[in-house]
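Novice: Dropping the structure in here first, questions after.
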Ligand code: AMP
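Residue numbers (this note's numbering): 59 to 172.
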């Protein structure tokens with residue numbers, strides 16, 4: 059059984075898709091933590107930020123971050139600002155083991171995060 063984000067990428071289960079790119083997909087988080095909460099993923103299965111071969115890191119992170127920044131602009135967040143988050147592993151609070159960037163915006167963020 060493929061992971062849930064692989065199944066979203068394959069179109070097997072529905073998601074509120076906001077943008078697509080070459081090997082990357084952006085869709086709304088089902089449990090939003092801010093007025094705008096979008097997840098950006100590589101369509102290939104990568105368990106976490108620590109699991110990419112060195113030779114693929116620049117391309118995959120570049121593509122994911124590029125789409126995240128583009129979606130932020132499309133959704134009107136460029137000027138007020140936004141936050142990009144990559145939870146990794148248990149201490150990082152990662153709950154879905156498929157690399158994803160959270161795009162959060164539409165309210166003032168707090169620091170330090172919880
Ligand atoms: P993380 O805790 O960083 O691994 O984030 C995983 C995120 O995936 C959480 O914010 C969940 O709300 C979100 N999520 C889980 N399942 C789905 C789904 N089927 N569609 C959209 N977002 C999801």
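Quick reminder that beta carbons are idealized off the backbone N, C-alpha and C, glycines included. This one's a predicted model, so the numbers in the text were calculated from it and none came from an experiment.
1) For residue 153, count the other beta carbons within 10 Å of its own beta carbon; 16 or more makes it buried, fewer makes it exposed. Which is it?
2) Identify the continuous alpha helix (DSSP H) that holds residue 115 and give its terminal residues.
3) Give a single yes or no on whether residue 99 has its beta carbon closer than 7 Å to a heavy atom of ligand 1.
4) Looking at ligand 1, does it come within less than 7 Å of residue 109, judged from the CB to the closest heavy atom?
5) Can you confirm whether residue 91, when its beta carbon is compared against all beta carbons of chain C, has any partner nearer than 8 Å?
Specialist: On the basis of the coordinates in this document:
1) Indexing the chain shown from 1 puts residue 153 at position 95. Exposed is the call here.
2) The residue labelled residue 115 in the question sits at position 57 within the chain shown. Counting along the chain, the alpha helix (DSSP H) containing residue 115 begins and ends at 112-132.
3) Position 41 of the chain shown, counted from the start, is the residue given in the question as residue 99. Checking the Cβ of residue 99 against ligand 1 gives no.
4) Position 51 of the chain shown holds residue 109. Not under cutoff, so the answer is no.
5) Annotation note: the requested chain C is absent from the structure, which comprises a single protein chain.
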